[in-house]
Amino acid sequence: LWESWWRSEDLYSHNHPMLGASSEWMVSAVAGLELEPTTTGGREVQFWPRFPNSASTLNYAGATQGTRRGDFAIAWEFVDLHQDTMLHIRAYVPPDGKGVLRLPEYRNGEGVDSILKKALVLPDIEKAKQLSDDVCRSRRKSKLYGFGYNWEFDKRTMLWMKFNRNKSIGTPCRHFLFHSHLDNVEWGNPITAPGTSENGVEVILAPGLYDVVINDWKLEPEVKAMDQEWRIGDRKEYYLSEDLGPYCSDSDSFDW
231 LWESWWRSED
241 LYSHNHPMLG
251 ASSEWMVSAV
261 AGLELEPTTT
271 GGREVQFWPR
281 FPNSASTLNY
291 AGATQGTRRG
301 DFAIAWEFVD
311 LHQDTMLHIR
321 AYVPPDGKGV
331 LRLPEYRNGE
341 GVDSILKKAL
351 VLPDIEKAKQ
361 LSDDVCRSRR
371 KSKLYGFGYN
381 WEFDKRTMLW
391 MKFNRNKSIG
401 TPCRHFLFHS
411 HLDNVEWGNP
421 ITAPGTSENG
431 VEVILAPGLY
441 DVVINDWKLE
451 PEVKAMDQEW
461 RIGDRKEYYL
471 SEDLGPYCSD
481 SDSFDW
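To convert, count from 1 in the sequence shown and add 230; that's this note's numbering.
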């Protein structure tokens, strides 16, 4: 856990609990996986990714939650960003587990049709994990696939800007749910869950592997920040009012 969002090799601590909520947010909101608040023994999880409105800084995410009943997992990615963008989601619920998937919707609450399929025969999930880990270790060992850049907010343009660096850190790895080992899974008949104007449409997922596709997902241009308000701490409403309003609400999507 890093002390700060900002990239640094020597200024910030790499083992610092102060901003631990940022790591929890990456798993529960960006990837979309968290234990159901009232569950016992890790039996039930919520799958609720908050997809970015723009894919300019993020176009995939995934997470795995270990429990006594096995590993729950979710992964999503945008496909064909420069054409008719497809949103592809996969979720896995282990034996004796239960998942609740909140169907994707746009930030204004507008629903969108989701096509759900379940694997007819559960594939070898452990094999997929092993093969995916092998690929990731190989990528890390090669030191060719690190992040040679970081994002910084440009107050002049009021947008997040990508800055290239001489040294790369970290290694992006694809989640095991999208490993080629699972390409030949035989899926059941697709079920279309129609979009609705009501927020919070949920689908109960029994143990198994699921594939969810949303065609023609609408991406939006990156939103410009207002002058002097690009950090929440710079907004007077945040520290002068007892009502934090939307700053603490759990929106369905987000802007970087």
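A virtual CB, placed ideally from N, CA and C, is assigned to each residue, including glycine.
Candidates I319, D364, I304: closest to E264 by CA position: I304
Beta carbon of L317 nearer than 8 Å to that of W447: yes
Whole-Å CB distance - G378 paired with S398, under 8 Å assumed: 4 Å
A436 classed as buried or exposed, judged by whether at least 16 other C-beta atoms fall within 10 angstroms: It counts as exposed.
For Q458, the three-state DSSP class (helix, strand or coil): Caution is warranted here: a pLDDT of 49 is assigned to Q458, below 50, making its placement in the model unreliable, and the coordinate value is therefore given only provisionally. Q458: coil per DSSP, three-state reduction.
S284 vs P451 beta-carbon contact at 8 Å: Yes, these two residues count as a Cβ contact at 8 Å.
Buried or exposed (CB count within 10 angstroms, at least 16 for buried), R395: exposed
CB of D301 within 8 Å of CB of P324, strictly: yes
Closest by C-alpha distance to K357, when choosing among W417, L407, W390, V443: L407
Residue interval of the alpha helix (DSSP H) (run including L311): Element bounds for L311: n/a, residue is neither H nor E.
Among P353, A423, G438, G376, nearest to H409 - alpha-carbon criterion: Cα-wise, what sits closest to H409 is P353.
Endpoints, alpha helix (DSSP H) assigned at T372: What sits at residue 372 in the sequence shown is Ser, not Thr. Unbroken alpha helix (DSSP H) run through S372: 355-372.
When D413, S368, K371 are compared against L439, the one with the closest alpha-carbon: The option with the nearest alpha carbon to L439 is D413.
M391, DSSP secondary structure in three states: strand
Stretch-stretch touch, CB-based, cutoff 8 Å, three pairs: the segment 371-389 with the segment 414-425: no
Beta-carbon proximity list for S258, same chain, < 6 Å, skipping 5 on both sides: Answer for S258: E264, listed in chain order.
Beta-ladder partner(s) of T422, from DSSP: I345
Coarse secondary structure for V431, derived from DSSP in three states: coil
E340 (DSSP reduced to helix, strand or coil): coil
Enclosing beta strand (DSSP E) for V443 [first to last residue]: 438-444
Buried or exposed by the 16-neighbour rule on C-beta atoms within 10 Å, applied to G292: buried
Neighbourhood of E274 by C-beta, 6 Å cutoff - its chain only, sequence neighbours within 5 removed: Contacts found: E266, K328.
For P282 and D485, the rounded distance between their alpha carbons: With a pLDDT of 43 at D485, under the threshold of 50, the modelled position of that residue is not reliable, and the figure given next carries that caveat. For D485 and P282, the distance between alpha carbons rounds to 6 Å.
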